[in-house]
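Participant:
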Amino acid sequence: MASSTEPSAGQPKGSKLIVGVALAAAVIAVVAVALLVNIMERKQEAKNPFYRVVELTDDTEDPAIWGKNFPLQYDGYRRTVDQVRTRFGGSEAVPKTPSGSDPRSIVAQSKLEEDPRLKAMWAGYAFAKDFREERGHAFMLDDQTYTERQIAAKQPGTCLHCHASVYVPYKKAGGGDLIKGFEKMNQLSFAEARKLVTHPVACIDCHAPDTMQLRVTRPGFLEGIRALKASQGIKDYDVNVSATRQEMRAYVCGQCHVEYYFKGPEKRLVYPWFKGLKVDEILAYYDEQKFSDWTHAETGAPALKAQHPEFELWNQGIHARSGVACADCHMPYKREGALKISDHHVRSPLLNINRACQTCHKIPEEELKARVETIQERTYRLRNLAMDALMDLINDLKQAKAAGKDNGQLDPARNMQRKAQFYLDFVEAENSTGFHAPQEAARILGESIDASRKGQIALRDGKPAAK
Amino acid sequence: MRAQDLLLVLSALAVGLAIGVSGFTFVYAKGASYLTDNPQACANCHVMSEQYGGWIRSSHRSAAVCNDCHTPKGFFAKYLNKSANGARHSWAFTTGWFHEPIAIKSHNREITESRCRDCHQEITDAIDPNHGQGAVLACIRCHGSVGHP
Chain H
1 MASSTEPSAG QPKGSKLIVG VALAAAVIAV VAVALLVNIM ERKQEAKNPF
51 YRVVELTDDT EDPAIWGKNF PLQYDGYRRT VDQVRTRFGG SEAVPKTPSG
101 SDPRSIVAQS KLEEDPRLKA MWAGYAFAKD FREERGHAFM LDDQTYTERQ
151 IAAKQPGTCL HCHASVYVPY KKAGGGDLIK GFEKMNQLSF AEARKLVTHP
201 VACIDCHAPD TMQLRVTRPG FLEGIRALKA SQGIKDYDVN VSATRQEMRA
251 YVCGQCHVEY YFKGPEKRLV YPWFKGLKVD EILAYYDEQK FSDWTHAETG
301 APALKAQHPE FELWNQGIHA RSGVACADCH MPYKREGALK ISDHHVRSPL
351 LNINRACQTC HKIPEEELKA RVETIQERTY RLRNLAMDAL MDLINDLKQA
401 KAAGKDNGQL DPARNMQRKA QFYLDFVEAE NSTGFHAPQE AARILGESID
451 ASRKGQIALR DGKPAAK
Chain W
1001 MRAQDLLLVL SALAVGLAIG VSGFTFVYAK GASYLTDNPQ ACANCHVMSE
1051 QYGGWIRSSH RSAAVCNDCH TPKGFFAKYL NKSANGARHS WAFTTGWFHE
1101 PIAIKSHNRE ITESRCRDCH QEITDAIDPN HGQGAVLACI RCHGSVGHP
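As given, the protein sequences belong to chains H and W, one line each in that order. Residue 1 is where the first sequence starts when you use the working numbering, and the numbers rise one by one after that. Residue 1001 is where the second sequence starts when you use the working numbering, and the numbers rise one by one after that.
If you want it as structure tokens, here you go:
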């Protein structure tokens, strides 16, 4: 009797324990399997940087096809549609009513409205009609196609060199010859050339399809860097043969983010680097070529328009000197699982300080941001002073012209206006508000103010002595 | 009685399965390597690849491995520190919840500082008194890249 009651009393207790142990073991097994699967995925990621699901050739223009092999990079690339402001840069999404000639429903803020002095600086030039903050890479083609500058003046096909993916279209237009296609499309009207291109900047513009190696495809840079190297005594420089990988991480961006002009009636795109990359060397080249972009409507000065010289200004800065390339800050490495890829969401480093800056500068984000904004704040104040000085010179010139002074008296001051506004524009049009080379930017603005001052003196001293 | 036997067998199966799967995961994840001083173990999951690559090129590559600077002196202190950091790192890497770029925790920085001083005591003893009472000096404030950048 006793022996039969004992187990029946212990039985439920014992089986509860056993069930408990079994459940705990099952949970452990589940966690262990989950962990195992996670580790296996990470190991696979590290082993296979990419899967080749489509064949890419030197004629594969559509980035969506490249995206099938490189989905992570493609995702980032597509995010350049984002419109985010920083203190001094970045674009704001401004709603716009679509019209027949301009179907865009969103544009960026107008810089002309922000600072009407720009209109006076560019009087008589298409930029005085429409000039907006640049948006991301995704918008480059649309924004150039629909800007009011197209209506203000007849734009050539040359513009597309940097507003579209042109590698394949150039080759097609040139019957396989890149440079011939480039020369052909430069001479078309923008509207005609626009029909030959489809995409904004795409994978093939910077990458070789077989190895993914960086390469320069734009003729403007191929020729520009050859001229620059020739001025340094290096003959027949071929960037795609001689440049290091780290240099290429800046050169592919320098294909477009540079100062340029359209040479001669054939509208050939030329980067003015024959004497060097500094603003003085560029102006000296333009003077030698007797080139001017337009004649200032109010003063008659042979004026120049500087265009986003990021590559040139960065070259004068400490980051360039330390071997830091554009991509290091604007496309920093990021982690996707066990993979390390460069972020193809090209944007301001200020929107990505931890990856862009902290990899080298091990100090807090707030401090880094404050350092950048201090530089930009100072540059912006100096830029405003230079702008005021230029306005004074333009006004004096207008008055002197109205008072009937002849060209012999006006030309020295006009020449100073040409210099003052090219120097000012060199910093104004550059997209870092001085950050790419702070002291150089300050020097340039200082020399701009000096040129405005000298222009005023030239007018004053030219006056007849009898007051 | 027979139901209990069945339960026993099932739970034994469950326990065995848990041990087996966990054991396999441990081996597959190179778990044993974390008990060694081999620097490659620290870069197993690739998060430390940059630090590992930096160390290979650094002045200390032939003088010290990861554990010489990043774990405290003494067998028990060392493995306690390794397991605490290891658990935190596994959790962070598996979930993906961690700040980038990665940064050392203050407790671990203190360990590193004391390990610098273990080897370079003669020099640090000579430097410390020259900086006044209460001055806290850190070796890596100036020598930031000796171990790895």
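Positions of the beta carbon are idealized from the N, C-alpha and C atoms, including for glycine.
1. I'd like to know whether the C-beta of H:Ala356 is nearer than 8 Å to at least one C-beta of chain W.
2. Helix, strand or coil for W:Ser1022? Go by DSSP, reduced to three states.
3. Compare the beta carbon distance of H:Ser101 and H:Arg132 with 8 Å and say whether it is the shorter of the two.
4. Among H:Ile28, H:Glu148, H:Gln255, H:Arg42, which has the Cα closest to the Cα of H:Ser165?
5. Less than 8 Å between CB atoms is the rule here; does W:Leu1080 satisfy it with respect to chain H?
6. At the level of alpha carbons, what is the spacing between H:Asn384 and H:Glu377?
7. Can you tell which of H:Lys405, H:Arg414, H:Ala413, H:Thr359 has its C-alpha closest to the C-alpha of W:Glu1100?
8. In the DSSP assignment, find the alpha helix (DSSP H) that holds H:Tyr51 and state where it starts and stops.
9. Please confirm whether H:Val216 and H:Asn240 have their CB atoms less than 8 Å apart.
10. Is H:Asp425 buried or exposed, if buried means 16 or more other CB atoms sit within 10 Å of its CB?
11. Suppose contacts are defined by Cβ-Cβ distances below 8 Å. Is H:Ala25 in contact with W:Leu1017 by that definition?
12. Going by DSSP, what residues sit across from H:Gly175 in a beta bridge?
13. Assign H:Tyr167 to buried or exposed, taking buried as 16 or more other Cβ atoms, counted over all protein chains shown, within 10 Å of its Cβ.
14. Give every residue of the same chain whose Cβ lies closer than 8 Å to the Cβ of H:Gln307, excluding the five residues on either side of it in the sequence, and list them in chain order.
15. Just to confirm, are H:Val34 and H:Ala338 a CB contact at a threshold of 8 Å?
16. Helix, strand or coil for W:Ala1032? Go by DSSP, reduced to three states.
17. Which bits of chain W does H:Asn38 rub up against, with CB to CB less than 8 Å?
18. If we define contact as Cβ-Cβ less than 8 Å, is H:Glu6 a contact residue for chain W?
19. Kindly list the residues whose CB is nearer than 8 Å to the CB of H:Leu351, restricted to its own chain and excluding five residues on each side of it in sequence; keep chain order.
20. Going along chain W, which residues have a C-beta under 7 Å from H:Ile28?
21. Any C-beta of chain H sitting closer than 8 Å to the C-beta of W:Ser1145?
22. Does H:Arg132 come out as helix, strand or coil in the three-state DSSP assignment?
23. Considering only residues of the same chain and omitting the five flanking positions on each side of H:Thr60, which have a CB-CB separation below 7 Å?
24. Leaving out the 5 sequence neighbours to the left and right, which residues in its chain are closer than 7 Å to H:Gly124 when beta-carbon positions are compared?
25. Do the stretch 1067-1078 of chain W and the stretch 1113-1124 of chain W make contact, defined as three or more Cβ pairs closer than 8 Å?
26. With distance defined between alpha-carbon atoms, name the residue in W:Tyr1034, W:Gln1051, W:Cys1142, W:Gln1121 nearest to W:Lys1078.
27. Which residues does DSSP list as the beta-bridge partners of H:Gly337?
28. What are the residues in the stretch 39-59 of chain H lying within 7 Å of chain W by C-beta distance?
29. Taking one C-beta from the stretch 316-324 of chain H and one from the stretch 437-451 of chain H each time, how about it: are there three or more such pairs within less than 8 Å?
30. Please classify H:Glu6: is it buried, with 16 or more other beta-carbons within 10 angstroms of its beta-carbon, or exposed?
31. Within its chain, find whatever has a CB closer than 8 Å to the CB of W:Lys1030; leave out the 5 residues flanking it on each side and keep chain order.
32. Anything in chain W within Cβ reach of H:Arg335, meaning under 7 Å, just list it in chain order.
33. For H:Ala9, I'd like the list of residues in its chain whose CB is within less than 8 Å of its CB, leaving aside the five on either flank, ordered along the chain.
34. What do you reckon, are the CB atoms on H:Tyr286 and H:Phe274 nearer than 8 Å?
35. Compute the Euclidean distance between the alpha carbons of W:Ala1003 and W:Ser1090, then round it to the nearest angstrom.
36. Would you call H:Ser189 buried or exposed, if buried means 16 or more other Cβ atoms sit within 10 Å of its Cβ?
Facilitator: Taking the definition as stated:
1. Indexing the first sequence from 1 puts residue 356 of chain H at position 356. H:Ala356 does not count as touching chain W.
2. Here residue 1022 of chain W refers to the residue found at position 22 of the second sequence. Residue state, collapsed to three classes: helix.
3. Mapped onto the first sequence, residue 101 of chain H falls at position 101. Mapped onto the first sequence, residue 132 of chain H falls at position 132. Going by C-beta atoms, H:Ser101 is not nearer than 8 Å to H:Arg132.
4. What you label residue 165 of chain H is simply residue 165 of the first sequence in a count that begins at 1. Here the closest residue by C-alpha is H:Gln255.
5. Translated into positions along the second sequence, residue 1080 of chain W becomes position 80. Output row for W:Leu1080: interface = no.
6. Taking the first residue of the first sequence as position 1, residue 384 of chain H is located at position 384. Taking the first residue of the first sequence as position 1, residue 377 of chain H is located at position 377. If you take the alpha carbons of H:Asn384 and H:Glu377, they lie about 11 Å apart.
7. Taking the second sequence and counting its residues from 1, one reaches residue 1100 of chain W at position 100. Nearest C-alpha to W:Glu1100: H:Thr359.
8. Walking along the first sequence from the start, residue 51 of chain H turns up at place 51. It is not in any alpha helix (DSSP H) - H:Tyr51 carries neither H nor E in the DSSP assignment.
9. Counting from one through the first sequence, the residue named residue 216 of chain H turns up at place 216. Counting from one through the first sequence, the residue named residue 240 of chain H turns up at place 240. Their beta carbons are under 8 Å apart, which means H:Val216 touches H:Asn240 by this criterion.
10. Here residue 425 of chain H corresponds to residue number 425 of the first sequence, with the count starting at 1. Under this definition H:Asp425 is a buried residue.
11. Here residue 25 of chain H refers to the residue found at position 25 when the first sequence is read from its first residue. Here residue 1017 of chain W refers to the residue found at position 17 when the second sequence is read from its first residue. Yes, the pair counts as a contact, with Cβ atoms nearer than the cut-off.
12. For the purposes of this step, residue 175 of chain H is taken as the residue at position 175 of the first sequence. Beta-bridge pairing links H:Gly175 to no other residue.
13. Within the first sequence, numbered from 1, the residue matching residue 167 of chain H stands at position 167. When all chains shown are included, H:Tyr167 counts as buried.
14. For the purposes of this step, residue 307 of chain H is taken as the residue at position 307 of the first sequence. The answer, listed in chain order, is Val258, Glu259, Tyr260, Ala429.
15. Taking the first sequence and counting its residues from 1, the one referred to as residue 34 of chain H is at position 34. Taking the first sequence and counting its residues from 1, the one referred to as residue 338 of chain H is at position 338. The sequence given here places Ala at residue 34 of chain H; Val does not occur at that position. Not closer than 8 Å, so no.
16. Locating residue 1032 of chain W in the second sequence gives position 32, counting from the first residue. In this structure, W:Ala1032 counts as helix in the three-state DSSP scheme.
17. Translated into positions along the first sequence, residue 38 of chain H becomes position 38. Neighbours of H:Asn38 on chain W, chain order: Thr1094.
18. One-based indexing of the first sequence puts residue 6 of chain H at position 6. In this predicted model, H:Glu6 has a pLDDT of only 46, less than 50, meaning its place in the structure is not dependable; the value taken from the coordinates is given anyway. No, H:Glu6 lies away from the interface with chain W (no Cβ there is under 8 Å from its Cβ).
19. One-based indexing of the first sequence puts residue 351 of chain H at position 351. Val84, Thr86, Gly90.
20. Numbered from its first residue, the first sequence carries residue 28 of chain H at position 28. Here the neighbours are Ala1018, Ser1022.
21. For the purposes of this step, residue 1145 of chain W is taken as the residue at position 145 of the second sequence. Not closer than 8 Å to any Cβ of chain H, the Cβ of W:Ser1145 fails to qualify, so no.
22. Here residue 132 of chain H refers to the residue found at position 132 of the first sequence. In this structure, H:Arg132 counts as strand in the three-state DSSP scheme.
23. For the purposes of this step, residue 60 of chain H is taken as residue 60 along the first sequence, with counting starting at 1. The residues are Trp66, Ile204, Pro209.
24. Mapped onto the first sequence, residue 124 of chain H falls at position 124. Trp294, Thr295, His296, Ala297.
25. yes
26. In the second sequence, counting from the first residue as 1, residue 1078 of chain W sits at position 78. Ranking W:Tyr1034, W:Gln1051, W:Cys1142, W:Gln1121 by Cα distance to W:Lys1078 puts W:Tyr1034 first.
27. Translated into the one-based positions of the first sequence, residue 337 of chain H becomes position 337. Bridge partners of H:Gly337: none, in fact.
28. Ile39, Arg42, Ala46
29. yes
30. Taking the first sequence and counting its residues from 1, the one referred to as residue 6 of chain H is at position 6. In this prediction, H:Glu6 has a pLDDT of 46, which is less than 50 and means its spatial position is unreliable; nothing more can be read from the coordinates.
31. Numbered from 1 along the second sequence, position 30 holds the residue referred to as residue 1030 of chain W. Excluding positions up to five away in sequence, the list reads Ala1041, Asn1044.
32. As a position in the first sequence, residue 335 of chain H is number 335, starting the count at 1. Within 7 Å Cβ-Cβ: Glu1100.
33. For the purposes of this step, residue 9 of chain H is taken as residue 9 along the first sequence, with counting starting at 1. Any reading at H:Ala9 must be qualified, since the residue scores a pLDDT of 47, below 50, and its modelled position is unreliable; the value itself is stated next. Once the five neighbours on either side are set aside, H:Ala9 has no close Cβ partner at all.
34. Taking the first sequence and counting its residues from 1, the one referred to as residue 286 of chain H is at position 286. Taking the first sequence and counting its residues from 1, the one referred to as residue 274 of chain H is at position 274. It is not a contact, given that the beta carbons lie outside the stated cut-off.
35. The residue labelled residue 1003 of chain W in the question sits at position 3 within the second sequence. The residue labelled residue 1090 of chain W in the question sits at position 90 within the second sequence. Roughly 40 Å separates the two Cα atoms.
36. For this step, residue 189 of chain H is matched to residue 189 along the first sequence. Exposed is the call here.
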